[in-house]
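Counting in numbering that gives the first Met the number 0, the sequence shown runs from 0 upward without gaps.
Each residue gets a CB set at the ideal place from its N, CA and C atoms; glycine is no exception.
If you're wondering where the values come from, they're calculated on a predicted model, not measured in any experiment.
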Amino acid sequence: MELERHVLKALPTQRKDQKIVTNTYHPLEEIEAYLQELAASVSWVSVESIGKTFEGRDMWVATLAAPGGTSPKPSVWIDCGIHAREWITPATCVYGLDLLTENYGTDPDVTAFLDKYNVYVLPVHNPDGYYYTWSDDRLWRKNRMQHPGDTCHGVDLNRNFDDGHWGGAGTSDNSCGGTYCGPTGFSELETQAVRDYTNQLYSNNNLTAYFTIHSYGQMWMYAYGWGAEDTPHEQELFRVSETGVTALRSVHDTVYTYGSIYETIYPASGTSIDWSYSRGVVHTYTLELRDEGQNGFLLPADQIIATAEETWTGLIAAIMDI
């Protein structure tokens with residue numbers, strides 16, 4: 000695939016008709032307004048709330064169901080912003096929505112991708128936490144829930160999915176800890192909403208791939224996070240990951256490592272990736288975007304475009320190789 004030769008030349012940093020500026024970070028309300036405008040202006044894009052957060056905010060998912068191809072199409076799920084402080088991830092999801100909607104029908108790679116798949120994008124998995132990083136604490140990680148008996152606010156949503164290993168290695172039972180897994184698996188409204196919505200896709204036998212986007216560290220990973228055991232699909236997951244990181248590197252020469260969560264970064268039980276894999280979605284991946292720690296969660300806005308360009312090049316290449 001030579002996506003970068005086509006799309007990345009066709010999509011300048013900012014167009015006169017651009018619905019959202021993609022080279023800066025946006026607060027929650029601007030992202031939500033963009034999603035509504037996108038749905039109003041592109042006939043094959045719809046936006047729906049899949050649930051409410053603890054503080055009553057909507058969790059908006061954009062569905063890209065392009066008119067070409069043969070129906071019913073398989074589906075791909077992509078979420079960003081499960082950890083509030085990882086601002087580059089909602090920015091990357093927003094960039095991707097702009098990329099796909101503006102280039103469908105003119106760019107052959109984007110068109111082939113959307114003719115083959117329906118794509119579901121949740122740009123902000125953790126709206127309460129993301130809002131809090133703009134209003135109070137830029138480095139806040141968790142959601143804003145406080146359960147009865149908890150000393151502190153917040154559950155780590157990416158330790159709250161229950162695949163049978165909830166509460167295991169790489170989690171904390173202390174509500175003040177950054178990896179607090181909650182009082183029970185799926186205790187959080189945000190994880191319940193994603194579970195229920197993606198279960199509908201899965202029950203229709205058309206959820207082909209599940210991606211969750213994080214930062215930082217430049218890694219492309221798959222199950223398991225709970226332990227060192229390889230999945231039965233290790234070779235296939237490794238192969239597709241290699242496709243993704245190779246395509247990603249071709250854009251700006253950004254190097255990613257890849258492998259299982261447990262072996263590549265650290266033990267992590269209760270992740271959305273392990274849960275999605277456990278119910279039968281083989282192709283489940285988590286990406287850790289730029290950088291390698293030089294700026295960490297405070298990635299400068301002047302790196303948004305390059306990060307998003309390479310990420311979506313890698314994503315499309317990997318998904319088309321499934």
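query: Can you tell which of Lys18, Glu309, Leu98 has its C-alpha closest to the C-alpha of Trp219?; result: Glu309
query: Can you name the start and end residues of the beta strand (DSSP E) that Trp323 belongs to?; result: Nothing about residue 323 can be read from this structure; the chain reaches only from 0 to 321.
query: For Ile330 versus Phe112, is the C-beta distance shorter than 8 Å?; result: What is shown of the chain runs 0 to 321, which leaves residue 330 out entirely.
query: What residue range does the alpha helix (DSSP H) around Ile87 cover?; result: 87-102
query: State the DSSP-derived secondary structure class of Val118, mapped to helix, strand or coil.; result: strand
query: Spatial neighbours of Gln302 within its chain, please: C-beta separation below 7 Å, excluding the five flanking residues on both sides.; result: Arg289
query: Could you spell out the range, first to last residue, of the alpha helix (DSSP H) harbouring Ile61?; result: In the sequence as presented, Ile is not what sits at residue 61; that position holds Ala. No alpha helix (DSSP H) holds Ala61; the beta strand (DSSP E) holding it covers 57-63.
query: Going by beta carbon distance, what residues of the same chain come within less than 6 Å of Leu282, once the five residues before and after it are set aside?; result: Here residue 282 is His; the residue named in the question, Leu, does not match the sequence. Correct list, in chain order: Ala208, Ile321.
query: In three-state DSSP terms, what is Ser134?; result: helix
query: On the DSSP letters alone, give me the boundaries of the alpha helix (DSSP H) that Tyr196 sits inside.; result: 188-202
query: Where does His146 sit, in a helix, a strand or coil, going by DSSP?; result: coil
query: Got a sec? Which residues, its chain only, sit under 7 Å from Tyr24 by beta carbon, not counting five neighbours each side?; result: Trp86, Ala90, Ala300
query: Closer than 8 Å is the cut-off here; do at least three beta carbon pairs connect the region 154-162 with the region 128-143?; result: yes
query: Rounded to whole angstroms, what is the Cα-Cα separation between Ser268 and Trp274?; result: 9 Å
query: With distances taken Cα to Cα, identify the nearest neighbour of Ala64 among Ala32, Arg137, Val46, Ile81.; result: Val46
query: Taking only the alpha-carbon atoms, compute the straight-line gap between Ile49 and Ala83 and give it to the nearest angstrom.; result: 18 Å
query: Tell me, please, whether the region 107-121 touches the region 58-78 by the rule of three or more beta-carbon pairs shorter than 8 Å.; result: yes
query: For Gly313, report the span of its alpha helix (DSSP H) as first-last.; result: 303-319
query: Leaving out five residues on either side along the sequence, give the residues of the same chain with a beta carbon under 7 Å from the beta carbon of Gln35.; result: Val46
query: Would you decide whether Tyr33 is buried or exposed? Buried here means 16 or more other CB atoms lie within 10 Å of its CB.; result: buried
query: Please determine, among Ala246, Ile212, Ala305, the residue with the shortest C-alpha to C-alpha distance to Thr88.; result: Ile212
query: What are the residues that DSSP puts in a beta bridge with Ser219?; result: In the sequence as presented, Ser is not what sits at residue 219; that position holds Trp. Note: Trp219 sits in a beta bridge opposite Tyr257, Leu286.
query: Taking the alpha-carbon positions, what's the Trp59 to Thr150 distance?; result: 30 Å
query: Looking only at its chain, what residues have a beta carbon closer than 8 Å to the beta carbon of Lys18, apart from the 5 residues adjacent to it on each side?; result: Tyr33, Glu36, Leu37, Ser40, Asp97
query: To the nearest angstrom, how far is it from the Cα of Leu138 to the Cα of Asn173?; result: 19 Å
query: Taking 8 Å as the cut-off, decide whether the C-beta atoms of Gly177 and Trp165 are in contact.; result: no
query: Identify which residue in Thr285, Asp252, His152, Phe296 has its Cα closest to the Cα of Pro182.; result: His152
query: Where do the N-terminal and C-terminal ends of the alpha helix (DSSP H) with Leu206 fall, by residue?; result: Looking at the DSSP string, Leu206 is not in any alpha helix (DSSP H); the run it does join, the beta strand (DSSP E), is 206-214.
query: Does the distance from the CB of Tyr196 to the CB of Arg278 come in under 8 Å?; result: no
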